[in-house]
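Input: a single structure, listed below in structure tokens.
Number of protein chains: 2
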Amino acid sequence: MAETPGGDKVRDALRAAHLYYLQDLTMEAIASELHTSRSSVSRLLGFARDTGLVEIQVKSPADRVSSIQDRIKERFGITAHVVPVPDSTAEVDRLERVAMSAARILGPFFDSNMTMGIAWGSTLSAVSRHLQEKVTHNSQIVQLNGASNARTTGIGYASEIMSRFGTAFGAYVQQFPVPAFFDDPRTKEVLWRERSIRRVLEIQKHMDIALFGLGSAYADVPSHVYVGGYLDDDDFQALTHSDVVGDVATVFYRADGSSDDIPMNARSSGPSLSLLSKVSRRVCVVSGRSKLPALRGALAAGVMTDLIIDEATAHSLVEG
Amino acid sequence: MAETPGGDKVRDALRAAHLYYLQDLTMEAIASELHTSRSSVSRLLGFARDTGLVEIQVKSPADRVSSIQDRIKERFGITAHVVPVPDSTAEVDRLERVAMSAARILGPFFDSNMTMGIAWGSTLSAVSRHLQEKVTHNSQIVQLNGASNARTTGIGYASEIMSRFGTAFGAYVQQFPVPAFFDDPRTKEVLWRERSIRRVLEIQKHMDIALFGLGSAYADVPSHVYVGGYLDDDDFQALTHSDVVGDVATVFYRADGSSDDIPMNARSSGPSLSLLSKVSRRVCVVSGRSKLPALRGALAAGVMTDLIIDEATAHSLVEG
DNA sequence: AAGCGCAATGCACATATGTGCACGGCGTAG
DNA sequence: CTACGCCGTGCACATATGTGCATTGCGCTT
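Quick mapping for you: the protein sequence lines, in order, are chains C and L.
In terms of our numbering, the first sequence is residues 1 to 320.
In terms of our numbering, the second sequence is residues 321 to 640.
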């Protein structure tokens, strides 16, 4: 067992998965082919699923007319993944379920030789907790915006998210050890010239997927940025003054999607929206009606190509 | 039910599938969300699977060293899909199982706006019987080679295969109503100038996927072509004389993969191997060791990009 | 060589899922 | 208006699957 430490297990799991999912054999039958017990087969299959040897996708046939996804596609030109959640569900559970779905939907998007940039926040945290393993090679996860602030280094929180993604995909994790917001924009400018930082920025520039939630001061569950001590009263005032409706990776924008001339952005560590828009796949996860204003703004800004959203909010989006 | 004749069913099935596969709810839980009984949910999920709303893939992680697939990839430069089948399995069951796997593996390959060319024969027939539904749009299936001969029109057989593919994918079916082999090559030349025929040839030329088995005179289960009255004694002699080891869609080739100067090919209705090689994805399904010589020849000819093959035969392929 | 600990295995039971059958609604033909 | 027949549904049962627990085998330590 030293030389093939589980390699046999993978082999068996793969074979079991093939027999089960591709040939419709029952576990009993597989057990006899594998000369083992049915229980072991059950466990092997479980292993195969957890481990990403089996990938299950739910595809919406493009023909279902006027489904919400299509309406969203028409109106906003993006691909929506609407997560069914009963309306009665509490806000927290709702986020949890959207996050779980997001984690599953994400799987097929990411693969070997890719780089995924991720933001941090309650939403991403939830997603990270539901990731299923999927082995990839030569892939990396890069943090989009800094996480430390005046009170904490924020490292525990953000890096936990990062490392969950890293281990789930077997990807190299590239942290971004800078504050979320600089006190002085000039510090940022200077720091941005450092080679160590430029290396990260360079990686960000070449990412294949960006994954983020939306920040919103008005959310029922106010976003992490707004309650974590990242902003002081002056900052809040400044934001209100600039008509900010939300943020993506600590970069703020207005209802019309514009993000220029918002002073806070000069101090933010996140990627500018224009930079973000160069990424070929930009996945946004949203749960809860209270994020609607932020969502509309983000749509106007065109920051996303894919939207994973709970049913009720999707509904409100196309209704209102 | 008149206006959405099953549209609701699809909707529900989709939702159920989402809840089941993406959110890990139990059928019981889904039943209550859907205000129906657990049984109905079970049925809905079954429907979702049959209907292609759910797609399940088994992926071989690229890292498993020296697996058969990798060895094949190295040696022949193609992607192999090895179907696990116990060695003790009878030849017929083996074909059946390979065919079932092939049908499942094929699903993800084919999609809307694509054209798939298919040959006919025992292998393809078996595959066609195991296809899972998958709705696509603006897609078509085109027959690669004629099927009628001196004795029968061959239409029942080939067109049954064709239509199974057509209905499974909701694709337009383009038959190719010509004999498998012409008595006189000049007839073919003349006919090939007809617009109706040229239309089909044109479609073939633009196909995105080609799917075929291998013909072999020496197979345990001799291929359909060799026993269906398509060839007479003289033909057989001619083939032997030309050192033919097998055929793809009634186009013959030698062990070294060459197919020129084989007189029969001038009379065959199938696409020349060079034409075939222009298709971006060329999937070959093989079951049974007796097809090995034909397989080696086909590999030498480079006609395939993907090979779906049973385990034992794959083994022999890399061993010998 | 005996003892220890870890991981894999199978058993037996608990759950979850699949399906034949009978019932009831609804549209249609008579 | 009634009879007929076709779904769609849920029930109850049959199967199939998941999992805690005790056992076994194996490698390593003492």
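Virtual Cβ for every residue (Gly too), placed ideally from N, Cα, C.
Counting only beta-carbon atoms, is residue i nearer than 8 Å to chain L?
i      : result
C/K73  : no
C/V200 : no
C/I56  : yes
C/P84  : yes
In whole angstroms, give me the CA-to-CA distance for residue i and residue j.
i      : j      : result
C/G52  : C/K134 : 4 Å
C/H81  : C/D306 : 7 Å
C/T123 : C/A168 : 17 Å
L/G608 : L/V638 : 14 Å
L/T346 : L/A423 : 29 Å
L/V708 : C/M304 : Residue 708 of chain L is absent from the structure shown; chain L starts at 321 and stops at 640.
C/F176 : C/G46  : 35 Å
L/L511 : L/I517 : 7 Å
C/E327 : C/F252 : As displayed, chain C neither begins before 1 nor continues past 320, which places residue 327 of chain C out of reach and without an answer.
C/E160 : C/P263 : 30 Å
L/P406 : C/D8   : 17 Å
C/L131 : C/S112 : 16 Å
C/G215 : L/N458 : 41 Å
L/L426 : C/D247 : 43 Å
C/M94  : C/F236 : In the sequence under discussion, the amino acid at residue 94 of chain C is Arg, which differs from the Met named in the question. Rounded to whole angstroms, C/R94 to C/F236 spans 28 Å at the Cα level.
L/D552 : L/V599 : 32 Å
L/N275 : L/G437 : Lying before the first or after the last residue shown, residue 275 of chain L is absent from chain L, which here runs from 321 to 640.
C/A29  : C/L22  : 14 Å
C/T115 : C/R129 : 20 Å
C/V58  : L/D344 : 13 Å
L/A337 : L/I392 : 36 Å
L/G326 : L/A491 : Low confidence applies to L/G326: its pLDDT is 44, below 50, so where it sits in the model is not reliable enough to give any reading.
L/A621 : L/V520 : 24 Å
L/A586 : L/P505 : 6 Å
L/S562 : L/R574 : 8 Å
L/I388 : L/A410 : 22 Å
C/S274 : C/S258 : 10 Å
L/R601 : L/G617 : 18 Å
L/G640 : L/K611 : 14 Å
C/A31  : L/A558 : 49 Å
Provide the residue(s) that pair with residue i in DSSP beta bridges, ordered along the chain.
i      : result
L/Y341 : Per DSSP, none; premise fails for L/Y341.
L/R602 : L/A530
L/P499 : L/S468
L/G566 : L/Y573
L/I277 : Residue 277 of chain L lies beyond the residue range present for chain L, which begins at 321 and ends at 640; the question has no answer from this structure.
L/Y492 : L/Q460
C/L307 : C/A80 and C/C284
C/E55  : L/Q377
L/S536 : Partner(s): none; L/S536 has no beta bridge.
C/R268 : According to the sequence provided, residue 268 of chain C is Ser. The question's Arg does not apply to it. Per DSSP, C/F181.
So is residue i in contact with chain C if we call contact Cβ pairs under 8 Å?
i      : result
L/H635 : no
L/K379 : yes
L/P325 : For L/P325, the pLDDT reaches just 43, beneath the cut-off of 50, and the residue's location in the model is therefore unreliable, although a value from the coordinates is still provided. By this cut-off, L/P325 is not an interface position.
Item to check | Residues in the segment 411-432 of chain L having any Cβ partner in chain C nearer than 8 Å | outcome: Within the segment 411-432 of chain L, the residues whose Cβ lies closer than 8 Å to some Cβ of chain C are R417, M420, S421, R424, I425 and S432, listed in chain order.
Checklist entry - Can you list, in chain order, the residues of the segment 354-373 of chain L whose Cβ is nearer than 7 Å to any Cβ on chain C? => result Cβ contacts with chain C come from L373.
Item to check | Residues within the segment 10-33 of chain C neighbouring chain L, beta-carbon criterion of under 8 Å | outcome: The residues in question are V10, R11, L14, R15, A17, H18, L19, Y21, L22, Q23, D24 and E33.
Checklist entry - Taking contact to mean at least 3 C-beta pairs separated by less than 8 Å, is the segment 86-99 of chain C in contact with the segment 112-128 of chain C? => result The segment 112-128 of chain C and the segment 86-99 of chain C touch, with three or more beta-carbon pairs separated by less than 8 Å.
Checklist entry - Along the segment 435-454 of chain L, what residues have a CB closer than 7 Å to any CB found in chain C? => result Flagged: no residues at all.
Checklist entry - Do the segment 326-336 of chain L and the segment 356-372 of chain L make contact, defined as three or more Cβ pairs closer than 8 Å? => result Result yes; three or more Cβ-Cβ pairs closer than 8 Å.
Checklist entry - Are the segment 456-464 of chain L and the segment 519-528 of chain L touching, with three or more C-beta to C-beta distances below 8 Å? => result Pairwise C-beta distances place the segment 456-464 of chain L in contact with the segment 519-528 of chain L, as three or more of them are shorter than 8 Å.
Item to check | At least three beta-carbon pairs within less than 8 Å, the segment 628-637 of chain L to the segment 396-411 of chain L | outcome: Cβ pair count under 8 Å is three or more, so yes.
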